[in-house]
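So the mapping is simple: the numbering used here equals the position in the sequence shown, first residue as 1, plus 65. Idealized CB from N, CA, C, for every residue including glycine. Here is the structure we will look at.
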Amino acid sequence: MSRRSASLLLATGSVVSGVLAYVLFALVTRGLGASAAAPVSVLWTVWALAGAAFTFPLQHWITRCLTAGRAGEVRGSAGRVAAVVVAASVATGALAWAFRDRLFHRDDAWFPALVVLVVLGSAAVGVLRGSLAGRGRMGAVAVSLVAENAVRCLLVAVLLLAQVHDPVAHGLCLVAGSLVALWPGTWRFDEVGAGRGGSLSFLGGAATGQLLAQGVLTGGAVVLALLGGAPGEITAVFATLALFRAPYMVVLGTLPQVTHHVTGLVEAGDLPALRLLAGRLAVLGTVVVTLGAVIGGTAGPALVRAIFGDTVEIGHGDSGVIATGCALALVNVVLMVAALALDRPGRVAGAWGLAVLAGAVVLLPTTWLLPVERVAFAFVAAELAATVLLAVVASSALRAGRTTA
């Protein structure tokens with residue numbers, strides 16, 4: 066399969082998967098109502114964060130290892146990586162239990178238990194995508210992207226047809242999508258080898274960077290909940306973020322191919338091609354951010370109501386700011402993949418740490434603003450800081466002529 070065909074398949078699969086994701090959340094919000102859907106919105110946010118902490122780094126690491134001919138490294142490190150995943154899922158579930166009243170507005174253990182399952186499922190999906198992409202099976206990656214959300218949509222539709230409106234049941238549908246990770250043959254790494262000492266270090270840096278990135282991108286609903294926002298406001302912020310993340314989600318779905326391609330250029334030491342890609346990203350990123358700001362500030366609220374229902378409302382100003390932040394996030398994820406391919410996981414994590422600090426500097430002192438406004442301005446401040454810092458990390462490596470796979 067040619068690179069162009071693979072890219073087209075992944076982009077198509079990502080678009081279809083993204084559409085299904087919006088259909089899924091629209092079904093849940095319309096079927097349950099904005100207030101009743103709030104705990105499912107928070108669980109969805111946890112899913113996005115788990116994808117950042119586990120799906121993305123595992124996918125990137127395994128793809129990178131297989132592309133570079135180091136399948137034995139994956140097999141040799143499997144035990145330690147699995148132990149970290151299990152420990153993290155239990156710890157995350159414990160935190161969800163401790164803050165269950167504030168996060169889910171309920172006192173039972175169902176949603177904390179679902180949090181544990183979401184984390185485990187996200188890690189499994191990362192192994193699936195990395196294994197398929199590292200072996201060049203981009204068509205299978207595209208099918209897995211579609212299948213994951215198709216399963217969720219089908220199950221939610223069945224629940225609504227059966228008049229089941231229990232948020233826990235709808236949360237279980239989100240977990241069920243991870244069963245796609247049982248794809249035959251993807252969990253076998255036949256080459257014998259030992260895990261390199263830097264494997265967990267690379268995964269830790271990549272996970273930290275992407276977790277902070279997704280925390281900034283998708284954590285608005287959780288931050289708003291912790292600030293005391295009303296359930297309807299929480300759902301509105303989540304829905305607006307979900308809407309304007311559409312281009313980001315398309316790019317996210319194509320990242321296995323991007324990782325495979327950029328890793329190949331790094332392995333070959335092709336600095337001119339890498340610098341050409343960087344220049345194109347700068348031009349495209351400027352266009353995307355401008356369009357995001359204009360569309361979000363004008364048609365954003367109407368689009369949110371049309372897709373997620375009349376009970377979900379957001380102001381024009383807040384919508385424009387959130388759309389701008391989502392456009393910056395699209396640029397940032399590509400910059401991050403490039404920096405990781407250049408073996409800069411520590412600097413990526415550091416860049417996002419500083420970006421989160423920039424967001425906190427905006428969020429904490431602006432108590433005179435409404436909670437939704439505080440979250441929106443902090444979001445765009447963090448994304449803008451990340452854009453500048455990640456560009457510095459990637460460009461410094463290219464200027465120095467250093468490429469390390």
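Do the CB positions of residue i and residue j come within less than 8 Å of each other?
i      : j      : result
GLY201 : LEU123 : no
CYS218 : VAL88  : yes
LEU339 : LEU346 : no
GLN279 : LEU114 : yes
ALA423 : ALA450 : yes
GLU448 : LEU405 : no
PRO321 : ALA212 : no
VAL458 : VAL413 : yes
VAL369 : LEU308 : yes
LEU277 : VAL240 : no
SER243 : SER142 : no
VAL445 : VAL386 : yes
VAL427 : VAL302 : no
THR110 : THR300 : no
VAL437 : LEU291 : no
HIS170 : ALA103 : yes
MET314 : ALA118 : no
LEU185 : LEU108 : no
SER82  : GLY236 : no
VAL15  : GLY78  : Only positions 66 to 470 of the chain appear in this structure, which leaves residue 15 out of reach.
CYS391 : LEU306 : yes
THR132 : SER196 : no
VAL146 : LEU268 : yes
What three-state label does DSSP hand residue i in the structure shown?
i      : result
ALA101 : coil
ALA174 : coil
ARG165 : helix
PHE472 : Any question about residue 472 goes unanswered here, given that the chain covers just 66 to 470.
GLN279 : helix
PRO232 : helix
GLU378 : coil
GLY284 : coil
ARG202 : coil
ASP408 : coil
VAL353 : helix
ARG309 : Note that residue 309 corresponds to Phe in the displayed sequence, not to Arg. Helix.
GLY293 : coil
TRP109 : helix
PHE373 : helix
ALA358 : helix
THR431 : coil
ARG489 : A query on residue 489 cannot be resolved here, the shown segment of the chain reaching from 66 to 470 and no further.
GLY83  : helix
ALA364 : coil
ALA159 : helix
PRO337 : helix
ARG253 : coil
Relative to the C-alpha of residue i, which residue among the options is closest?
i      : options                           : result
VAL206 : GLY418, ALA147, ALA343 and ALA246 : ALA246
LEU342 : THR355, VAL327 and CYS391         : VAL327
ALA420 : THR132, ASN397, LEU407 and GLY199 : ASN397
GLY357 : SER384, ILE127, ARG370 and GLY141 : SER384
LEU105 : ALA91, ALA117 and SER266          : Sequence inspection shows Val at residue 105; the Leu mentioned does not correspond to that position. The shortest C-alpha separation from VAL105 is found at ALA91.
THR43  : VAL84, PRO410 and ARG95           : Here the chain covers residues 66 to 470 and nothing more, so residue 43 does not appear.
ALA188 : HIS125, ASP231 and THR132         : HIS125
LEU84  : VAL287, MET203, ALA416 and ARG310 : Checking the sequence shown, residue 84 turns out to be Val, not Leu. Cα-wise, what sits closest to VAL84 is ARG310.
LEU73  : ALA156, VAL150, MET314 and MET203 : MET203
VAL316 : ASP231, LEU108, PHE121 and VAL107 : PHE121
PRO312 : PRO337, LEU282 and VAL287         : LEU282
ALA161 : LEU220, THR355 and VAL287         : VAL287
ARG129 : ASP173, ARG194 and GLY415         : ARG194
ALA304 : PHE254, GLY78, ALA388 and LEU407  : ALA388
PRO177 : TRP112, ILE127 and LEU131         : TRP112
GLY418 : VAL323, GLY361 and GLY270         : GLY270
LEU210 : HIS381, GLY285, TRP175 and TRP248 : TRP248
HIS325 : LEU407, GLY285 and LEU395         : LEU407
Any beta carbon of chain C sitting closer than 8 Å to that of residue i?
i      : result
LEU226 : Reference to chain C is not applicable here, since this structure consists of a single protein chain.
Check whether the segment 425 to 444 touches the segment 347 to 367, counting contact only when three or more Cβ pairs, one atom from each stretch, lie closer than 8 Å. no
Count Cβ pairs between the segment 355 to 367 and the segment 399 to 409 that sit closer than 8 Å; are there 3 or more? no
At a cut of 8 Å, does the segment 224 to 231 reach the segment 158 to 169 through at least three beta carbon pairs? no
Does the pairing of the segment 93 to 111 with the segment 372 to 380 give three or more beta-carbon distances under 8 Å? yes
Cβ contact check for the segment 284 to 304 and the segment 134 to 141: 3 or more pairs under 8 Å: no
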